[in-house]
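Colleague: Residue numbers (UniProt numbering): 1 to 351.
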Ligand SMILES: NC(=O)c1ccc[n+]([C@@H]2O[C@H](COP(=O)([O-])OP(=O)(O)OC[C@H]3O[C@@H](n4cnc5c(N)ncnc54)[C@H](O)[C@@H]3O)[C@@H](O)[C@H]2O)c1
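#1: With 16 other CB atoms within 10 Å as the buried threshold, where does residue 28 fall?
#2: Distance, Cα to Cα, residue 52 vs residue 61?
#3: Under DSSP, the alpha helix (DSSP H) around residue 189 begins and ends at which residues?
#4: Comparing the CB of residue 57 with every heavy atom of ligand 1, is any distance shorter than 7 Å?
#5: Would you identify the three-state DSSP class for residue 18, choosing helix, strand or coil?
#6: In three-state DSSP terms, what is residue 117?
#7: Should residue 109 go down as buried or exposed, given a rule of 16 or more other Cβ atoms within 10 Å for buried?
#8: Let me check you understand the geometry: is the CB of residue 91 closer than 7 Å to at least one non-hydrogen atom of ligand 1?
#9: To the nearest angstrom, how far is it from the Cα of residue 350 to the Cα of residue 58?
#10: Which residues bound the alpha helix (DSSP H) around residue 54?
#11: Give the range of the beta strand (DSSP E) segment to which residue 261 is assigned.
#12: Just reading off the alpha helix (DSSP H) that residue 335 is part of, what are its end residues?
#13: Determine the direct distance from the alpha carbon of residue 149 to that of residue 106, and round the result to whole angstroms.
#14: Are the stretch 248 to 263 and the stretch 159 to 166 in contact at 8 Å, needing three or more beta carbon pairs?
#15: Could you give the first and the last residue of the continuous alpha helix (DSSP H) run that contains residue 226?
#16: Say the cut is 7 Å; is the CB of residue 54 nearer than that to a heavy atom of ligand 1?
#17: Give the secondary structure of residue 241 by DSSP, where H, G and I count as helix, E and B as strand, and everything else as coil.
#18: Here's the rule I'm using: 16 or more other beta-carbon atoms within 10 Å means buried, otherwise exposed. How should residue 8 be labelled?
#19: Does the count of Cβ pairs from the stretch 240 to 248 and the stretch 276 to 292 closer than 8 Å reach three?
#20: Identify which residue in 230, 209, 229, 253 has its Cα closest to the Cα of residue 241.
#21: Terminal residues of the continuous beta strand (DSSP E) containing residue 104?
#22: Quick check: does the Cβ of residue 44 come within less than 7 Å of any heavy atom belonging to ligand 1?
#23: If I measure Cβ to Cβ from residue 243 and keep anything under 8 Å in the same chain, skipping five residues before and after, which residues do I get?
#24: Whose C-beta lies closer than 8 Å to the C-beta of residue 192 among residues of the same chain, with five residues either side of it excluded?
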């Protein structure tokens, strides 16, 4: 299903999925705006934030929504059919578990939890519940380019995947951004891309550190190169460079036995014949314009899945994907200071 065109204060229909939103900072406010204005078949009914004032401000942008004091009230509310969680990651485990207990479908922003063990608790709780409830917000899975590459792989057009080469570039990061943030905030998206494209996790990861750019914040190793290997022998490279001072780029190249395909080379307006003899295009400033359509498609697909009772959209990241990402992140973090490859340890996937 595609997102509706922007229509301020879209009129609510009685059959709309009523969404409760927990945490309305940067991402949560963005999702509220998306649901209120562009998502078909849904409306925001209840909003909460640790900061009441923030919740009031954001709720005012979603006609018909009300504010409650705690996230527990959002989950329990009779006028909430489904929950969107965009609070900081350390609260996700508890909030998702509460949604599972209440039987309410939930779209949780990444990460699912702060470590593999906590993420596995969610996997087990969902399994106990007996039906899928949890979608995880790895929105790149709904990017048009990601979709095309996935289609090509599924159709067998590229043959056997040999190499997945990822590049992730960011204009700048906040002071205090560390190598660990490089793993959990940045590389985590390529880590999920391994599960998405290759349908198997990495079994090992190694970090390679070139010398750093002078633009990097104090103490940060930037760029970083992660080398992952899967059980069937595909190698994944993830080149991360977060202080380029030059906009946001995410490129992915799949090298298969029958051919190679690249996505994410959108260059915007390309001009030639300039007076100084140079040519060039534009890149988005950050992840929001780059993946705006992917966020819209992700939320729209989630609402469609909630409406048809499947709860988790095709190709969406699941609780299991969240657990696998947490395990790969943990190994990638360890690899920052290890001499060689670090093994990724995974518990068994419940049936
Ligand atoms: N998918 C993506 O590309 C993407 C991008 C950015 C952020 N995120 C994720 O989204 C989540 C939120 O990130 P953000 O950038 O919006 O952070 P943020 O700090 O801007 O917003 C978080 C909000 O949650 C509120 N909050 C804190 N504790 C809470 C609690 N216990 N219950 C309810 N609300 C609480 C805060 O007051 C704040 O308003 C994080 O998990 C982050 O990793 C995902």
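The beta-carbon is built from N, C-alpha and C at its ideal position, and this holds for glycine as well.
Modeller: Let me spell this out:
#1: buried
#2: 15 Å
#3: 188 to 193
#4: no
#5: strand
#6: helix
#7: buried
#8: yes
#9: 39 Å
#10: 52 to 59
#11: 259 to 263
#12: 319 to 335
#13: 27 Å
#14: yes
#15: Run containing residue 226: none in the alpha helix (DSSP H); it sits in the beta strand (DSSP E), 224 to 230.
#16: yes
#17: strand
#18: Confidence is the limiting factor: at residue 8 the pLDDT is only 40, short of 50, which leaves the residue's position unreliable, though a coordinate-based value still follows. Answer is exposed; the Cβ neighbour count stays below 16.
#19: yes
#20: 209
#21: Where residue 104 is concerned, there is no enclosing beta strand (DSSP E), given that its DSSP letter is neither H nor E.
#22: no
#23: 170, 171, 172, 173, 213, 215, 216, 217, 220, 222
#24: 110, 138, 140, 141, 317, 321, 325
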